[in-house]
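Colleague: My questions all concern the structure below.
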Amino acid sequence: MKLSPRLAAVAGLVPMGARVADIGCDHGYLSLYLTESGTAAHCIASDVREGPLSAAKENVRASGLEGSIELRLGDGLSGIAPEETDCVILAGMGGDTMREILQAAPWITGGGHTLVLQPQSHTDTLRLWLSGQGFSVTAERVVYDRGHLYVVFRAEWDGKGDRSPLCPYFSPALLALSAEEREPYVERVFAELGKRLEGLRAAEGREDEAGELAAHIEYIRKMVEQ
Ligand SMILES: C[S@@+](CC[C@H](N)C(=O)[O-])C[C@H]1O[C@@H](n2cnc3c(N)ncnc32)[C@H](O)[C@@H]1O
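Numbering-wise (my numbering), the sequence shown opens with residue 876 and increments by one.
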């Protein structure tokens, strides 16, 4: 099976031999690839909606992998027991949804579970929340897929998290990537911050906040350029 560049980047961060929980599996392509390629020892592919899960069931049946991929209907991690998995994948969802799913399963903290995350939005609040829970980002990739830029990262619990002021924006793993790979994402983050700043400058009575944000942007730009 050939994955899209975005899903291939997600698959590339899954540890070899993992027992995967692919939450929000939709069509099930990722679980199929991880199983066929021998990356995953076992997959639970789960979705909150019947439609996607039926499509995944059909794809799994067609590829004859029913013995290695379990399909489950359920909201987030509610139907998954901690001991069934050591790698939780959340891809193609908003960062806020991911945070809610992880928050509802406190067992993901403590070190037994690797997270592979590809948020579509709210990446800053997700990164901050993960850090607050003691997770550090240990690997990160930036990928273009059909004209869109995506970021994918692996987060592992070390009890400390990332305490750098850069934490909401860039992990050390991202900054260690080649300039060619990381720059489009770095520029996107600064463009988003710039838009936020413009909004504050245009709003009445928010001059102080605008000044603080401008100074913050300047500060993190210097840190990134170091
Ligand atoms: C855009 S698709 C992404 C599918 C696949 N993970 C990918 O990256 O290509 C998002 C999927 O997440 C599912 N989903 C959304 N919220 C969910 C939740 N709380 N629990 C489980 N699945 C959820 C949706 O039903 C949908 O199938």
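We put the beta carbon where it would ideally sit given N, CA and C, even for glycine.
Are the CB atoms of Gly970 and Asp999 nearer to each other than 9 angstroms?
Modeller: Yes, Cβ-Cβ distance for Gly970 and Asp999 is below 9 angstroms.
Colleague: Contact defined as beta carbons within less than 8 angstroms: I believe Ala980 pairs with Val1012. What is the distance between those atoms, to the nearest angstrom?
Modeller: Not quite, the Cβ-Cβ distance comes to about 19 angstroms (not below 8 angstroms), so this is no contact.
Colleague: Please look up how many angstroms separate the CB atoms of Leu1001 and Arg1063, rounded, as I've assumed it's under 8 angstroms.
Modeller: That belief does not hold up - the Cβ atoms of Leu1001 and Arg1063 are roughly 16 angstroms apart, past 8 angstroms.
Colleague: Take the Cβ of Tyr1019 as the centre, count every other Cβ of all protein chains shown within 10 Å, and call the residue buried at 16 or more, exposed below.
Modeller: Label assigned to Tyr1019: exposed.
Colleague: Within 8 angstroms, do at least three Cβ pairs link the stretch 921-928 to the stretch 890-900?
Modeller: Touching, per the Cβ criterion.
Colleague: If the criterion is Cβ atoms closer than 9 angstroms, does the pair Ile983 and Val963 meet it?
Modeller: Cβ atoms of Ile983 and Val963: closer than 9 angstroms.
Colleague: Could you check where the alpha helix (DSSP H) with Val923 kicks off and where it finishes?
Modeller: First-last for Val923: undefined, no H or E at that position.
Colleague: If you run the structure through DSSP and keep just helix, strand and coil, what is Val963?
Modeller: DSSP places Val963 in strand when its eight states are reduced to three.
Colleague: Of the choices Gln995, Pro1043, Ala1014, whose alpha-carbon is the least far from that of Gly1007?
Modeller: Minimum Cα distance to Gly1007 is reached at Pro1043.
Colleague: Return the chain-ordered list of same chain residues with a C-beta closer than 7 angstroms to the C-beta of Arg1076, the five sequence neighbours on each side being excluded.
Modeller: Answer for Arg1076: Ala1085, listed in chain order.
Colleague: Return the chain-ordered list of same chain residues with a C-beta closer than 6 angstroms to the C-beta of Arg894, the five sequence neighbours on each side being excluded.
Modeller: These residues qualify, in order along the chain: Ala916, His917, Thr960, Asp961.
Colleague: Skipping 5 residues on each side, what residues in its chain have a beta carbon closer than 7 angstroms to that of Met973?
Modeller: Answer for Met973: Leu965, Leu992, Pro994, Leu1001, listed in chain order.
Colleague: Can you tell me where the alpha helix (DSSP H) holding Ala1089 begins and where it ends?
Modeller: 1082-1100 is the span of the alpha helix (DSSP H), which, as asked, contains Ala1089.
Colleague: Could you name the residues of the same chain whose beta carbon sits closer than 7 angstroms to that of His997, not counting the 5 residues immediately before and after it, in chain order?
Modeller: So the qualifying residues of the chain are Gly969, Gly970, Asp971.
Colleague: With distance defined between alpha-carbon atoms, name the residue in Gly942, Leu990, Val1027 nearest to Ala883.
Modeller: Per the Cα distances, Val1027.
Colleague: Taking the straight line between their C-alpha atoms, what separation do you get for Leu940 and Leu907?
Modeller: If I take the Cα positions, the gap works out to 8 angstroms.
Colleague: Span of the alpha helix (DSSP H) holding Trp1004?
Modeller: 998-1007 is the extent of the alpha helix (DSSP H) around Trp1004.
Colleague: Using only CA atoms, which one of Ile955, Arg1029, Ala1051, Ile1095 lies nearest to Pro1040?
Modeller: The shortest C-alpha separation from Pro1040 is found at Ile1095.
Colleague: Measuring alpha carbon to alpha carbon, tell me which residue in Met876, Arg1038, Gly1022 is nearest Gly1009.
Modeller: Among Met876, Arg1038, Gly1022, the Cα nearest to that of Gly1009 is on Arg1038.
Colleague: Can you tell me whether His1091 is buried or exposed? The criterion is at least 16 other CB atoms within 10 Å of its CB, across all chains shown.
Modeller: So His1091 ends up on the exposed side.
Colleague: Tell me, please, which residues DSSP counts as bridged to His1023.
Modeller: In the DSSP output, where bridge partners are listed per residue, His1023 has Asp1020.
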